[in-house]
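Peer 1: Heads up: the sequence shown runs through residues -16 to 405, numbered per our numbering.
A virtual CB, placed ideally from N, CA and C, is assigned to each residue, including glycine.
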Amino acid sequence: MTGKTIHVFGVCVLILFLLPAPPDARAQMVIGQYSDEAPLRTWNNYGLLSALSGGMGNVRFTLADDAAAGSVNPSLPALGASFQLALSGSISTVSLNRYGIVNTGVLVTQSDNAAGLFPLFDAAALTFRWRGWGIGIGYGPLESYSRPKTIYEASDAGEVYYQLEFLQQGLLRNAHLALSRAFGASVSIGVGVNVIGGEWEKTVREERRTLGITITDHKTESYSGLYFTGGITVRPHSKLTLAAVVRTPFTRQSEGTSLYRYVSPLGGTDIQIPASAANRTEMPAVAGVGFSYVPSNTVRLVSDITFFLWNRYRFEYFEEELERDFKNSLKWNNGFEFINRLRLFGRNLVNPMRIGFIYDPQPMRTPNSRYLYLTLGMGLTLPHASLDFGTMFGWESGSGDNLTVYRSFISLTIHSLKGDLR
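Here you go:
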């Protein structure tokens, strides 16, 4: 910047400090779960989801009948159907209390929570099995960083004299390739490579209309990264399946841009301060174990335990490492499936009914927050096709904000089998 620009900018900053704060510009300073880079719902995300797993406690480590599960356990494609193609989508409602400038020291909302409705394409997954080898390919969003749009207005005699607007959007996507090898009918080993990419954008816009002043803070990030997964699945008995999985730690790179802009048409002023930086996020390693037990041809019990090494998490943002006091977390997923077999219009149909439970402690030390989820699901399996539905209800405790989550899934799978994918 030139000396004249610096001088003008300094005067503008001084003016901003002297201007009276808008009404209700007070709030809580501890942001809690939803820092700017935090994903919606939970920090403990790993791989792609479908309606099959979504309605059964989000369990995936042993589900060879779920094409999307290869994103977390790359050894599964060698044990599944010779061909599976699955498409999944969902709609979720998430409540938030502290995020961005909302309830964190700048702007307080009148309601306890803000809720956002977020439609999402969840996954497209394809698996092949041939002569003991399995290949899995998948694509879908891993995390959403969107927030409810928030607008505050102050008026006098019906005329708005002050407006403050906050908007944040973002999505992280994943493309994975899994290669697995089965050794007989009881053991499979697999490795996976995962490429991530996405974008993040945040805008804070302030208008003081009586003075003709507009101040805009606009930031963007463009994400990229690479990580690897490994998995082993063992079937010591026809009724029991065991699995162990791992995800390597990795660096999520991002090209960040920032633009501060001060506009005062009355004074003929338009000041723009652009900046850019190579941001980085050190993502932690993940490891997990799971089992599936099928005591009869109508019942399946499944469970996953996943360990997230969050104390290794680091977040560098515009050449500054921001403090994130995280602890490691252990997520527990459980599911139950009952198979109802029907004959309708002369066809044999499989109608699975599912229920699940999730314990999901968040990594922040303050507040000590956790989510409890109840999941419900059902499906209809025809020869060479199945349609699945899942629903997830989540309740947060520990922060004092009583946040909630609702998510509804639907998946369509085309497969090579004539009946039940299991």
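Roughly how many angstroms lie between the CA atoms of Ile288 and Gly271, to the nearest whole one?
Peer 2: 5 Å
Peer 1: Quick one: any contact between the region 247 to 257 and the region 228 to 236, if contact means 3 or more CB pairs under 8 Å?
Peer 2: no
Peer 1: Which one of Ser73, Ser78, Trp116 and Pro131 has the shortest CA to CA distance from Ala106?
Peer 2: Ser73
Peer 1: For Ile120, tell me which candidate among Leu155, Gly362, Gln67 and Thr199 has the shortest Cα-Cα distance.
Peer 2: Comparing Cα-Cα distances from Ile120 to each of Leu155, Gly362, Gln67 and Thr199, the minimum goes to Gln67.
Peer 1: Please identify the residue among Gly329, Arg330, Glu320 and Lys310 whose C-alpha is closest to the C-alpha of Asn351.
Peer 2: Lys310
Peer 1: DSSP state of Trp293, grouped into three classes?
Peer 2: DSSP places Trp293 in helix when its eight states are reduced to three.
Peer 1: Who are the Cβ neighbours of Ala34 in its own chain at under 7 Å, not counting the five residues just before and after it?
Peer 2: Here Ala34 has Ser71, Gly360, Asp371, Phe372, Gly373, Phe392, Ile393 and Ser394 as same chain residues with Cβ atoms under 7 Å from its own Cβ, once five neighbours each way along the sequence are excluded.
Peer 1: Just to check my reading of the structure: Asn27 and Arg43 have Cβ atoms closer than 8 Å, yes? What is that Cβ distance to the nearest angstrom?
Peer 2: So it is not a contact: roughly 13 Å between Cβ atoms.
Peer 1: For Ile172, collect the residues of the same chain with a Cβ closer than 7 Å to its Cβ; drop the 5 residues on either side in sequence, then sort them by chain order.
Peer 2: Ser58, Ser163, Arg164 and Ile215
Peer 1: In the DSSP assignment, find the unbroken alpha helix (DSSP H) run with Gly37 in it and report its ends.
Peer 2: Ala34 to Gly37
Peer 1: At least one CB of chain B closer than 9 Å to the CB of Arg244: is that the case?
Peer 2: Of the chains in the structure shown, none is chain B; there is only one protein chain.
Peer 1: Could you tell me the alpha carbon to alpha carbon distance between Thr76 and Ile322, rounded to whole angstroms?
Peer 2: 30 Å
Peer 1: For Lys280, count neighbouring Cβ atoms within 10 angstroms of its own Cβ and tell me buried if that reaches 16, exposed if not.
Peer 2: Position check: residue 280 holds Asn in this sequence, whereas Lys was assumed. Result: exposed.
Peer 1: Please work out which residues of its chain come closer than 6 Å, Cβ to Cβ, to Arg295, disregarding the five sequence neighbours upstream and downstream, and give them in chain order.
Peer 2: Pro267
Peer 1: Would you mind giving the Cβ-Cβ distance between Ser129 and Phe101, rounded to the nearest angstrom? I have them listed as a contact below 8 Å.
Peer 2: 6 Å
Peer 1: Along the chain, where does the beta strand (DSSP E) that runs through Leu125 open and close?
Peer 2: Trp116 to Ser127
Peer 1: Quick one: grab the DSSP three-state call for Pro278.
Peer 2: Here Pro278 sits in strand by DSSP.
Peer 1: For Ala108 and Tyr144, what's the separation of their Cα atoms in angstroms?
Peer 2: 52 Å
Peer 1: For Lys202, count neighbouring C-beta atoms within 10 Å of its own C-beta (all shown protein chains included) and say buried if the count is 16 or more, exposed if not.
Peer 2: buried
Peer 1: Looking at C-beta atoms only, is the number of pairs between the region 182 to 199 and the region 140 to 156 that lie closer than 8 Å three or more?
Peer 2: yes
Peer 1: Could you work out which residue in Thr387, Arg324 and Ser36 is closest to Tyr354 when comparing CA atoms only?
Peer 2: Thr387
Peer 1: For Thr199, tell me which candidate among Tyr243, Pro60, Leu209 and Thr264 has the shortest Cα-Cα distance.
Peer 2: Tyr243
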